[in-house]
Amino acid sequence: METRKLSQRRERIKTMLIRIAAVAVFLAASAFSEIGRGEESALYGVPSLVVEAEEPPDLLKGFVFVPGAALLIGGRHVLALYNNPENGFYALALFSTECGLTRCTVGELIAYSVVDGEGHAIKLANTLQLESDKIARTHV
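Positions 0 to 139 (numbering that gives the first Met the number 0) are the ones given, in order, by the sequence shown.
Here it is in structure tokens:
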């Protein structure tokens with residue numbers, strides 16, 4: 000019985016940490032960045048930085064980019080917030096990026112997290128997990 004209570008407590012703590020992390024990243028993205036699809040922004044001293052992105056990957060089908068909710072991280076990654084207006088879910092996605100002097104091109108999806116409108120985790124995945132799932136499905 001004690002082990003079950005401890006397990007439940009750990010699960011609640013884990014869920015709370017996921018919610019806090021999602022909110023923190025969203026707030027950081029909102030506060031420190033104004034990069035959007037084709038929008039210009041001065042970020043980290045780079046004037047007129049333009050981020051070019053395609054439509055969201057199939058894994059984020061139904062999601063739309065939230066304008067102004069992207070953050071360039073170290074010039075090599077972009078963290079972007081997406082919304083699915085149909086079900087009220089949000090997705091936080093990490094992409095690789097290639098940056099020049101004035102442009103960044105969003106590349107491969109590295110990891111993403113989907114939460115409902117109340118912040119409950121729905122899905123959390125990274126490309127290694129996604130690749131493993133794809134390989135497992137093809138060998139069944």
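Idealized CB from N, CA, C, for every residue including glycine. Being a predicted model, the structure only gives us computed values, none of them experimental.
Item: DSSP three-state assignment for T2, whether helix, strand or coil; Value: helix
Item: Per DSSP, cross-strand counterpart(s) of I72; Value: H76
Item: As assigned by DSSP and simplified to three states, the class of E117; Value: coil
Item: L80 vs L91 beta-carbon contact at 7 Å; Value: yes
Item: Distance between beta carbons of E85 and G61, contact taken as under 8 Å; Value: 6 Å
Item: Buried/exposed call for L78, threshold 16 Cβ in 10 Å; Value: buried
Item: Span separating the alpha-carbon of F64 from that of L123; Value: 18 Å
Item: L59 burial status per 10 Å Cβ neighbour count (16 or more: buried); Value: buried
Item: Straight-line Cα distance separating I121 from V114; Value: 5 Å
Item: Inter-residue spacing [alpha-carbon to alpha-carbon] between N83 and P56; Value: 13 Å
Item: Rounded separation between G74 and R102 - CA only; Value: 11 Å
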